[in-house]
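Peer 1: Numbering (our numbering), first residue to last: 1 to 593.
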Amino acid sequence: MDDDSRYDPQAGRALPARFSGGSARSGPVTVGQANMRRCVLRDDPAHLNACLVLPVPDGVGLDALADAVRVLALRHESLRTLYPVDPELQQVVLGEGGFTLRVHEADEADGPPGDVARAVGERLRSVRFEPRTELPLRAAVVTAGGRPRHMVLVLCHIAVDAAGIDLLTAEWHAVLAGRALPEPPAVQPVDLALTEHSELGRRRLASSLRYWENQLRTTPQSMFAVPGVGPCDWMLGRLRVRSRSAARALTVVAERTGTSRATLVLAAMCALLAHRLGQRTVVVATPAANRFLPELADYIGTVAQDGLVSVRTDDVATFDELAARVRGRALAALRHSWFDYDDLLPRIERAERDRGSHWARDCVFNDLSTLTLEGLLTSPPVPADGAGPSPRDRTAAAPDGDVRVDWFRPEPMLTRLMLWTVRLEEELELALWADPNLLPAAEAEAFGAGVARLLGAAADGDVPLDRLEELTGLAPVARGEGWYLVDSCWVDLASVQAMVEEVAGGPSLVAAVPDDVLGHRLECWTAGGHDPAALHTACLAALRHRRLDAMAPHRYTVVDRAPDDPADPAAWRTRTVLAEGTGRTATAAAVTS
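1) Determine whether the beta carbon atoms of A527 and A562 lie at a separation below 8 Å.
2) Buried or exposed: where does V265 fall if 16 or more other Cβ atoms within 10 Å of its Cβ makes it buried?
3) On the premise that A117 lies in contact with V152, defined as a C-beta separation below 8 Å, what is that separation, rounded to the nearest angstrom?
4) CA-CA distance, V513 and L548?
5) Does R240 pass the burial test, meaning 16 or more other C-beta atoms within 10 Å, or should it be called exposed?
6) At the level of alpha carbons, what is the spacing between T219 and V253?
7) In angstroms with no decimal places, state the Cα-to-Cα distance between L368 and L65.
8) Would you mind reading off the limits of the alpha helix (DSSP H) that contains W572?
9) Are P148 and V56 touching if we call contact CB-CB under 8 Å?
10) Please state whether the Cβ-Cβ distance between L657 and L155 is less than 8 Å.
11) Near P131, what residues of its chain come up, given a Cβ to Cβ distance below 8 Å and the 5 sequence neighbours on each side ignored?
12) Looking only at C-alpha atoms, which of V187, L414, R25 sits nearest to A46?
13) Could you compute how far the alpha carbon of A288 sits from the alpha carbon of T557?
14) Are the region 182-197 and the region 449-469 touching, with three or more C-beta to C-beta distances below 8 Å?
15) Please look up how many angstroms separate the CB atoms of W234 and L54, rounded, as I've assumed it's under 8 Å.
16) Grouping DSSP H, G and I as helix and E and B as strand, with all else coil, what is A397?
17) Is it buried or exposed for P346, if we count other Cβ within 10 angstroms and need 16 for buried?
18) Any heavy atom of the ligand NAP within a distance shorter than 7 Å of the CB on A14?
19) Buried or exposed: F99, going by 16 or more other Cβ atoms within 10 Å of its Cβ?
20) Checking the sheet assignment: what are the DSSP bridge partners for G27?
21) In three-state DSSP terms, what is P383?
22) Got a sec? Which residues, its chain only, sit under 7 Å from A458 by beta carbon, not counting five neighbours each side?
23) Helix, strand or coil, according to DSSP, for N35 in the structure here?
24) Counting Cβ pairs, one atom from each stretch, are 3 or more of them under 8 Å apart for the region 324-336 and the region 293-305?
25) Do you know how far the Cα of I348 is from the Cα of L377?
26) Identify every residue that forms a DSSP beta bridge with W525.
27) Would you kindly work out how many angstroms separate the C-alpha atoms of A612 and E469, rounded to a whole number?
28) Please report how far the alpha carbon of M223 lies from the alpha carbon of A267, in whole angstroms.
29) Under 8 Å, with one C-beta from each stretch per pair, do the region 534-544 and the region 211-218 reach the 3-pair mark?
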């Protein structure tokens with residue numbers, strides 16, 4: 001079905017949806033728009049574009065559908081905005097223009113109209129938007145017997161975030177039902193951009209940047225610094241976890257701890273990450289809706305950005321203690337999730353250069369439980385014939401036997417592990433993406449089901465965190481000889497040495513030396529005419545390409561030639577020193593910025 005030409009984005013009968021009489025204006029972009037424009041131009045459009053497949057009520061004709069698109073475009077400036085770069089990036093709101101709805105007639109040979117609509121949606125969302133010249137909405141209608149059956153709306157992420165999609169869907173239904181809509185939102189994206197450029201807005205952005213830089217300088221560079229770590233192809237399997245008993249447990253634990261259901265799921269995720277990965281501090285990126293300002297409650301645009309939750313886990317003994325700590329850290333992350341990525345990037349690079357690290361956004365938690373997201377198109381489940389890593393619907397062993405896991409087809413995802421909350425009441429439903437290089441299918445199932453099991457056990461009382469292997473069946477990773485904690489990051493000394501020898505082009509020696517502040521620091525000896533700053537820059541480049549289990553040395557000593565036994569530290573010290581230093585110089589900064 002997907003290869004049929006009728007599902008091509010340009011196929012189908014064209015139905016115009018023109019708008020006019022709207023406000024035409026322009027201004028700077030918001031920080032959310034700037035960030036999403038970067039993603040729109042870089043990331044896989046099939047992952048980034050949102051696609052809604054919505055049933056059309058009986059009696060609603062094609063003209064009414066076109067009119068509904070027109071009404072929403074006039075209400076929300078984000079739907080009729082272009083983003084030219086002339087010479088600076090800006091947003092230009094069109095006062096008049098239009099969309100083309102493609103009408104696809106489904107017959108019996110095509111299958112049910114809903115299947116046709118999903119196929120059309122898959123094709124439409126797989127095509128990248130061009131923000132400079134294309135409005136951020138595509139639409140199609142699937143008819144059967146000449147009657148509209150399904151509406152397909154594809155929205156560019158530069159125009160809406162998840163909360164905006166929910167608001168827009170509710171308005172869509174209201175328009176088709178003939179219900180009166182409230183006044184358009186008072187704040188449109190141009191207004192928000194002006195607020196961000198105000199003195200208060202600049203202070204908010206600056207505060208977020210300070211928070212982020214502090215976290216980047218003090219927390220682990222990667223959660224998944226584990227033995228055998230390798231590159232990721234970014235095609236991650238998606239696991240669904242469901243449990244009614246865990247939903248009931250959330251009610252009990254939320255009442256006992258005064259912690260929200262979503263935060264309890266995040267706490268369970270943090271507990272399992274710390275247990276599985278042996279991390280003293282867990283770092284999780286948490287996309288925040290950023291609608292805590294009252295004037296943004298009905299805003300249609302993209303304001304969601306990453307919060308960065310860092311939680312010390314090695315000095316708490318029970319789940320309730322951890323939940324309380326996660327609650328406080330999540331609030332701090334939320335308050336500091338409004339920033340300009342162009343301002344954050346040089347801070348990331350400075351922190352990486354100074355620490356000798358490469359920050360990896362490898363764990364993500366996204367709470368979507370408060371949103372309906374009706375009709376949102378997602379990948380279909382794996383067929384029951386076993387085409388995926390597990391049977392389609394398998395009941396995982398649990399105290400009451402109701403924790404169920406099933407797999408969805410792999411999707412591109414620029415992280416190593418992501419957990420979504422889909423539903424938290426009546427039935428817990430979670431979606432887990434996991435890199436199979438780090439969590440093979442059985443372990444991913446144990447992790448996902450383990451979140452539900454831990455919550456279920458917490459309903460009976462505060463759970464000691466040393467019971468996690470018993471509850472989940474998930475064993476901690478085993479790090480053997482040669483692994484050290486360096487500046488809060490797990491490091492494999494052999495990996496660091498291999499990296500240094502590669503960039504230096506010859507024998508080298510790296511040693512982990514005890515340090516009161518860092519735990520251990522990395523000392524490096526190598527030979528040749530190298531400059532420490534150039535070596536450091538080359539190590540940072542190597543880290544960016546492939547290594548989660550290494551850091552750049554804290555000090556480089558360059559000697560005239562390597563000793564006969566390069567593994568002997570004393571032999572290196574007998575050689576003539578040509579250069580030495582940290583490599584963290586102004587020259588290195590200029591090279592890496």
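Note that the Cβ used here is the ideal one computed from N, Cα and C, for glycine as well.
Peer 2: Taking the structure as given:
1) Residue 527 sits at position 527 when you count from the first residue of the sequence shown. Residue 562 sits at position 562 when you count from the first residue of the sequence shown. In this structure, A527 lies near A562, with their beta-carbon atoms less than 8 Å apart.
2) To locate residue 265, count along the sequence shown from 1; it is residue 265. By the neighbour-count rule (16 or more Cβ atoms within 10 Å), V265 is buried.
3) Counting from one through the sequence shown, the residue named residue 152 turns up at place 152. Counting from one through the sequence shown, the residue named residue 117 turns up at place 117. That belief holds up - the Cβ atoms of V152 and A117 are roughly 5 Å apart, short of 8 Å.
4) Your numbering for residue 513 matches position 513 in the sequence shown. Your numbering for residue 548 matches position 548 in the sequence shown. V513 and L548: Cα-Cα distance of roughly 20 Å.
5) One-based indexing of the sequence shown puts residue 240 at position 240. Around the beta-carbon of R240, 16 or more other beta-carbon atoms lie within 10 Å, marking it buried.
6) The residue you call residue 219 lines up with position 219 of the sequence shown. The residue you call residue 253 lines up with position 253 of the sequence shown. Computed Cα separation, rounded: 29 Å.
7) As a first step, residue 368 is located in the sequence shown; it is residue number 368 there, counting from the start. As a first step, residue 65 is located in the sequence shown; it is residue number 65 there, counting from the start. Whole-angstrom Cα-Cα distance: 28 Å.
8) The residue labelled residue 572 in the question sits at position 572 within the sequence shown. Start and end: 569-573.
9) Residue numbering aside, residue 148 sits at position 148 when the sequence shown is read from its first letter. Residue numbering aside, residue 56 sits at position 56 when the sequence shown is read from its first letter. For P148 and V56, yes; Cβs fall inside 8 Å.
10) The chain is shown from 1 up to 593; residue 657 falls before or after that span and cannot be answered.
11) As a first step, residue 131 must be located in the sequence shown, where it is residue number 131. If we look at P131 and ignore the five residues flanking it on each side, its Cβ neighbours are R37, V40, L41, L82, Y83, C156, I158.
12) For this step, residue 46 is matched to residue 46 along the sequence shown. Ranking V187, L414, R25 by Cα distance to A46 puts L414 first.
13) Here residue 288 is taken as the residue at index 288 of the sequence shown, counted from 1. Here residue 557 is taken as the residue at index 557 of the sequence shown, counted from 1. Straight-line spacing of the CA atoms in A288 and T557 works out to 45 Å.
14) Put simply, the region 182-197 does not touch the region 449-469. Fewer than three CB pairs are less than 8 Å apart.
15) The sequence position of residue 234 within the sequence shown is 234, counting from 1. The sequence position of residue 54 within the sequence shown is 54, counting from 1. The C-beta distance from W234 to L54 rounds to 30 Å, too long to meet the 8 Å contact threshold.
16) Start at 1 with the first residue of the sequence shown, and residue 397 comes out as number 397. Confidence at A397 is low in this model, with a pLDDT of 44, below 50, so its placement is unreliable and the value that follows should be read with caution. In the structure shown, A397 sits in coil (DSSP, three-state: anything other than H, G, I, E or B).
17) Translated into positions along the sequence shown, residue 346 becomes position 346. Label assigned to P346: exposed.
18) What this structure holds is no ligand at all, so the ligand NAP is not there to describe.
19) To locate residue 99, count along the sequence shown from 1; it is residue 99. Buried, since its Cβ has 16 or more Cβ neighbours within 10 Å.
20) Working through the sequence shown from its first residue, we reach residue 27 at position 27. Answer is Q91.
21) The residue given as residue 383 occupies position 383 in the sequence shown. Only weak support is given to the placement of P383: the predicted model assigns it a pLDDT of 47, under 50, and the value that follows is read from those uncertain coordinates. Under the three-state reduction of DSSP output, P383 falls in the coil class, being neither helix nor strand.
22) Stepping through the sequence shown from its first residue, residue 458 is reached at position 458. The residues are A249, V253, F319.
23) As a working note, residue 35 is residue 35 in the sequence shown. Helix at N35.
24) No, the region 324-336 does not touch the region 293-305.
25) Mapped onto the sequence shown, residue 377 falls at position 377. Mapped onto the sequence shown, residue 348 falls at position 348. If I take the Cα positions, the gap works out to 34 Å.
26) Here residue 525 refers to the residue found at position 525 when the sequence shown is read from its first residue. According to the DSSP secondary-structure assignment, W525 is paired through a beta bridge with L509, T557.
27) Nothing can be reported for residue 612: it is not among the residues displayed for the chain, which extend from 1 to 593.
28) Numbered from 1 along the sequence shown, position 223 holds the residue referred to as residue 223. Numbered from 1 along the sequence shown, position 267 holds the residue referred to as residue 267. Distance between the alpha carbons of M223 and A267: 15 Å.
29) Counting Cβ pairs under 8 Å, fewer than three are found: no touch.
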